[in-house]
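What follows is a short report on a single structure.
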Amino acid sequence: MKSSILAMSVIAATGLAAPAFADKLDDIISSGTLRCAVVLDFPPMGSRDESNTPIGFDVDYCNDLAAALGVEAEIVETTFPERIPALMSGRVDVAVASTSDTLERAKTVGFSIPYYAFENAVVANEGVEMADWEGMRGKTVGATAGTYEAIWLEEKVAEWGEGSFRPYQNQADVFLALSQGQLDATVSTVEVAEANVASGNFPGIKIVDKAPMVPDYVALITLREEYGLINYMNLFINQQVRTGRYDELYEKWVGEGEPADLTVQGVYR
Amino acid sequence: MFFDTALSTNDLIFLARGAGMTLIVTAISVFFGTVMGIVFGVFRYQVGPWWAAPLTFVLDIFRSIPLLIQLVLANAFVTTVLGWRVSGFTVACGVLSLYTAAYCAEIVRGGIEAVPPTLRRAARSLGMSWGQDMTSVVMPLAARIALPSWIGLALGVMKDSALVYVVQVVELLKSAQILITRLQEPLFLLIVCGSFYFLISFPIARFGGYLERKWSRD
Chain L
712 MKSSILAMSV
722 IAATGLAAPA
732 FADKLDDIIS
742 SGTLRCAVVL
752 DFPPMGSRDE
762 SNTPIGFDVD
772 YCNDLAAALG
782 VEAEIVETTF
792 PERIPALMSG
802 RVDVAVASTS
812 DTLERAKTVG
822 FSIPYYAFEN
832 AVVANEGVEM
842 ADWEGMRGKT
852 VGATAGTYEA
862 IWLEEKVAEW
872 GEGSFRPYQN
882 QADVFLALSQ
892 GQLDATVSTV
902 EVAEANVASG
912 NFPGIKIVDK
922 APMVPDYVAL
932 ITLREEYGLI
942 NYMNLFINQQ
952 VRTGRYDELY
962 EKWVGEGEPA
972 DLTVQGVYR
Chain G
52 MFFDTALSTN
62 DLIFLARGAG
72 MTLIVTAISV
82 FFGTVMGIVF
92 GVFRYQVGPW
102 WAAPLTFVLD
112 IFRSIPLLIQ
122 LVLANAFVTT
132 VLGWRVSGFT
142 VACGVLSLYT
152 AAYCAEIVRG
162 GIEAVPPTLR
172 RAARSLGMSW
182 GQDMTSVVMP
192 LAARIALPSW
202 IGLALGVMKD
212 SALVYVVQVV
222 ELLKSAQILI
232 TRLQEPLFLL
242 IVCGSFYFLI
252 SFPIARFGGY
262 LERKWSRD
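First to last, the protein sequences are chains L and G.
Residue numbering for the first sequence follows my numbering, beginning at 712 and increasing consecutively.
Residue numbering for the second sequence follows my numbering, beginning at 52 and increasing consecutively.
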């Protein structure tokens, strides 16, 4: 009787002390490849060059992550709606695909800390005196009707009680109006603003300041239960910022200037 | 050029590489699919509908589930359930081979059934073994009957192979889609892509016609 209890407890103990199973982090390292889902019709984060090779901020970020893990990077092209299915069906290990960290998505996938944030910039006509975003007070401003930026601008104009707001059909019209001086200033994402200034299609415009709107934080994603990998990615993102690689990639793909602050004042994580 | 396009020689080479991938995937799948199809078809004919029922059921699964779903599920099964790290190319070839085999088994069975039983009985009464009967009597006759369907199957598999993009195999249609995203010239690029498909399919179809004519003469 006693020996049988002993035997059973031994069996139970061995069961409890079962060897730790290899998790995704181990799998990636042992397989020698990191498969990243990247959206390649979303410049400057992801696109293709003349020889159809994937390029962009996200592509470089995936390559950096693979290099840190000591493995080869494999870029798997996905569309925005395909990112999470690709992850769930095991076609990719992580998605480096400018995924906004919504609580709804966090029910399905695991998010790292933000690795990038889409901020909004105030773009003005060069002939207009404007030192910072508050310089828009009393000016004629405009944006694409119905967008987040337009709603914010319209509210600001109402709050200031001076100046006027003009809605436009699309972003190209906004920048055309700005370039021709019909508008004094507009607000758009930094990436669009930088690209439009650099394209030379809209002469006479300049980026003044960042708009004090809540940025769109984007994070790396992997399977929800892969804590080992999520931990690794968090530290990796921290190191990218710490070593200056984040600034470097921002300058390479977005433009001169300060990349978004990835911390939120007043709260952990 | 009589019209403007941003398509460069580089991009044409990219498309040609995609076409090469389509050809390789098709060749591998049609080859293994046909070999398996012959085995399955002969087995189904030989053992009768009752004993062949499990095999028939499995083949019916491959014939009735859309290829796209088969590819996604097979890839997920192999990579997550079995935990194998195989390339998308291997998964694509495996699934397409089984898919081809399922159709080919039916073609082979139909071909064998079309050989008159009296002729086969005559062959056996001449003292031919089952193997001799199969290779010298059934095969030449069944092959003639099955050839047009088989050519149709091969061409169908080639076009169906466009779906292997879901397992990260960049074949002809995917190459064209990549170029469409970059160059924003969908109609022109689809015409180019369609011409590539035609260039590949047409010789196969003609070759089938040639074989048919040649075989009907002897």
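We put the beta carbon where it would ideally sit given N, CA and C, even for glycine.
- Around the CB of ASN126/G, 16 or more other CB atoms lie within 10 Å, so the residue is classed as buried.
- Taking 7 Å as the upper bound on Cβ-Cβ separation, chain G lies near residues VAL787, SER800, GLY801, ARG802 of the segment 776-804 of chain L.
- TYR248/G: member of the alpha helix (DSSP H) spanning 237-268, first to last residue.
- When Cβ-Cβ separations below 8 Å define contact, GLU936/L makes no contact with chain G.
- Neighbours of VAL123/G across chain L, judged by C-beta separation under 8 Å: SER800.
- For a Cβ distance threshold of 8 Å, residue set SER758, ARG759, ASN763 of chain L lies close to ARG233/G, ordered along the chain.
- In this structure, the alpha-carbon of ALA808/L lies about 8 Å from that of ILE932/L.
- About 6 Å separates the CB atoms of ASP895/L and ASN836/L; that is less than 8 Å, so the two are in contact.
- In the same chain as GLU783/L, and ignoring 5 residues on each side of it, the C-beta atoms closer than 8 Å to its own belong to GLY743, THR744, LEU745, ALA777, in chain order.
- Residue burial is scored here from C-beta neighbours: ALA57/G has fewer than 16 other C-beta atoms within 10 angstroms and is therefore classed as exposed.
- Here ALA842/L is exposed, its C-beta having fewer than 16 other C-beta atoms within 10 Å.
- Scanning TYR957/L, GLU793/L, ARG980/L for the CA closest to the CA of CYS773/L turns up TYR957/L.
- In this structure PHE886/L touches ASN907/L by the C-beta definition: roughly 5 Å separates them, less than 8 Å.
- Rounded to the nearest whole angstrom, the C-alpha separation of TRP135/G and VAL129/G is 6 Å.
- Within chain G, the residues placing a beta-carbon under 8 Å from that of ASP752/L are THR232, ordered along the chain.
- By the Cβ-count criterion, SER59/G is exposed, with fewer than 16 other Cβ atoms from all chains shown falling within 10 Å of its own Cβ.
- In the three-state reduction of the DSSP assignment, VAL901/L falls in the helix class.
- The Cβ-Cβ distance between ASP920/L and ALA828/L does not fall below 8 Å.
- By the Cβ-count criterion, ALA165/G is exposed, with fewer than 16 other Cβ atoms from all chains shown falling within 10 Å of its own Cβ.
- The three-state reading of DSSP puts TYR943/L in helix, counting H, G and I together.
- Proximity of chain L to ILE229/G at the Cβ level (cut-off 7 Å) is accounted for by ARG759, ASN763, in chain order.
- PHE947/L and LEU940/L have their C-alpha atoms spaced approximately 10 Å apart.
- Counting of Cβ neighbours within 10 angstroms places ASN912/L among the exposed residues, the total staying below 16.
- The DSSP-derived three-state label of ASP927/L is strand.
- The secondary-structure analysis by DSSP pairs PHE829/L across a beta bridge with ASP927/L.
- Of the residues assessed, TYR979/L falls on the exposed side of the cut-off, its CB having fewer than 16 other CB atoms within 10 angstroms.
- Linking VAL898/L to THR232/G through their CA atoms gives a straight-line distance of about 27 Å.
- Excluding five sequence positions before and after GLU263/G, the CB atoms of its chain that fall closer than 7 Å to its own CB belong to LEU198, PRO199, given in chain order.
- The beta carbon of VAL123/G is closer than 7 Å to those of VAL217 in its chain, skipping five residues each way along the sequence.
- Within chain L, the residues whose beta carbon sits less than 9 Å from that of PHE65/G are SER762, ASN763, listed in sequence order.
- Fully enclosed beta strand (DSSP E) runs of no fewer than 3 residues are not present anywhere in the segment 81-157 of chain G.
- When the alpha-carbon of LYS265/G is set against those of ALA227/G, SER226/G, PHE253/G, ARG195/G, the nearest one is in ARG195/G.
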